[in-house]
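Take a look at the structure set out below.
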Ligand code: THG
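Set out below in structure tokens:
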């Protein structure tokens with residue numbers, strides 16, 4: 009097939025780190041929140057091996073922020089998620105799936121509490137801003153909801169602490185998981201959080217002025233030189249090993265928070281109102297029909313997944329695989345699949361269909377065990 013070019017119009021937003029990302033030889037982008045998100049610089053496997061041993065700098069500006077500020081900010085944030093947000097302290101972040109009045113997943117952001125009455129909702133790929141603005145207006149809430157000029161830059165990998173300590177001093181090592189401080193790097197104000205979309209540890213630096221993006225990138229890049237820093241991106245192999253599901257791929261607006269197995273992040277009986285409450289209670293009563301599950305295929309590496317692969321049991325279609333990669337750590341293919349409830353328990357033996365070929369597949373728990 010002919011190579012195809014994606015036109016960079018005004019609707020497809022670039023990032024504050026674009027110049028450096030291009031100079032570093034980005035090979036592919038995806039589109040996320042109407043913005044480019046780098047996917048590859050070399051190969052997924054090379055980048056995986058480097059990420060697990062050293063440290064990488066990721067342009068994740070496409071994880072846009074929806075700011076909610078004002079006297080009713082907490083009330084509004086509580087309404088849109090079944091997670092209880094009041095216990096989240098200023099200086100803390102929480103992973104909080106958003107759910108609508110049918111209990112369907114709108115997004116799975118990190119919510120950052122900047123002040124008693126001020127939050128950033130750090131979103132995955134869906135148009136949360138419009139939805140939240142509609143709810144705020146419809147309810148007559150006293151808040152302002154907007155997209156600020158904020159762009160996360162992630163520093164991920166086992167040497168991330170060393171890089172940030174060289175840059176800002178030893179005290180950054182004391183920042184706890186999902187906590188943040190406000191500081192400056194290269195003379196620009198940043199929020200510095202211990203978080204990020206890998207299991208390798210690290211930080212996310214929230215730039216608050218696009219014009220300073222290159223200066224911020226350069227400062228971290230410089231500090232990273234002696235720690236073998238390289239450019240990188242959220243990595244398919246690593247995220248499968250770590251169990252990070254991707255909104256838009258592994259779950260969509262068609263799936264409920266229960267089907268996505270989000271229970272451990274939710275407080276369904278929280279003492280304040282939220283939109284999805286009645287729908288979730290009804291689903292719990294009636295039973296959930298599907299479940300997002302981990303599936304292992306012990307074969308040589310499967311071809312790259314485009315779209316979805318069918319999963320069968322006794323000749324019946326029971327679900328589909330949405331992400332898959334060969335894991336060097338488990339020496340097997342790892343996959344996420346939305347499966348019928350009856351076959352979603354760890355230990356179930358299923359059949360994966362790839363290009364007309366059958367592969368035995370086993371359902372695992374969320375840590376790839378049993
Ligand atoms: N960073 C920022 N924003 C984001 C992402 C990010 N927005 C979109 C997307 N990624 C959100 N998805 C996740 C999913 C999981 C985690 C972070 C973002 C995560 N989970 C831990 C876990 O599951 O063990 C901790 C969850 C918890 O304890 O609350 O880290 O990467 N800025």
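Numbering (my numbering), first residue to last: 9 to 378.
We put the CB at the ideal spot given by N, CA and C, even for glycine.
Cβ-based burial, residue i [other Cβ within 10 Å; buried from 16]
i	result
residue 192	exposed
residue 306	exposed
residue 157	exposed
residue 286	exposed
residue 13	exposed
residue 346	buried
residue 145	exposed
residue 322	exposed
residue 281	exposed
residue 188	buried
residue 195	exposed
Reduced DSSP secondary structure (H/G/I, E/B, other) of residue i
i	result
residue 255	strand
residue 28	helix
residue 361	strand
residue 331	strand
residue 131	coil
residue 162	strand
residue 317	strand
residue 149	coil
residue 109	coil
residue 234	helix
residue 345	strand
residue 326	strand
residue 179	helix
residue 273	helix
residue 123	strand
Proximity below 9 Å, CB of residue i to CB of residue j
i	j	result
residue 261	residue 114	yes
residue 376	residue 246	no
residue 176	residue 215	no
residue 173	residue 210	no
residue 74	residue 153	yes
residue 47	residue 241	yes
residue 222	residue 25	yes
residue 301	residue 270	no
residue 108	residue 128	no
residue 320	residue 259	no
residue 363	residue 311	yes
residue 204	residue 60	no
Anticipated Cβ contact below 8 Å, residue i with residue j, distance rounded
i	j	result
residue 163	residue 228	6 Å
residue 225	residue 28	5 Å
residue 134	residue 255	7 Å
residue 237	residue 90	Their Cβ separation, rounded to whole angstroms, is 38 Å, which puts residue 237 and residue 90 out of contact at 8 Å.
residue 389	residue 78	Nothing can be reported for residue 389, as the shown portion of the chain is limited to 9 through 378.
residue 76	residue 65	Contact doesn't hold; Cβ gap of about 29 Å is too wide.
residue 160	residue 110	About 30 Å separates the two Cβ atoms, so there is no contact after all.
residue 284	residue 296	About 14 Å separates the two Cβ atoms, so there is no contact after all.
residue 355	residue 378	6 Å
Start-to-end residues for the alpha helix (DSSP H) that takes in residue i
i	result
residue 291	285 to 294
residue 60	52 to 61
residue 93	No alpha helix (DSSP H) holds residue 93; DSSP gives it neither H nor E.
residue 82	81 to 88
Element boundaries [beta strand (DSSP E), containing residue i]
i	result
residue 77	73 to 77
residue 101	101 to 103
residue 240	237 to 240
residue 260	Taken as a continuous stretch (DSSP letters only), residue 260 belongs to no beta strand (DSSP E), as it is neither H nor E.
residue 210	210 to 215
residue 197	196 to 201
residue 305	298 to 305
residue 192	188 to 193
residue 12	Here residue 12 belongs to no beta strand (DSSP E), and DSSP marks it neither H nor E.
residue 247	Careful: residue 247 lies outside any beta strand (DSSP E), inside the alpha helix (DSSP H) at 244 to 250.
residue 45	43 to 48
residue 38	36 to 40
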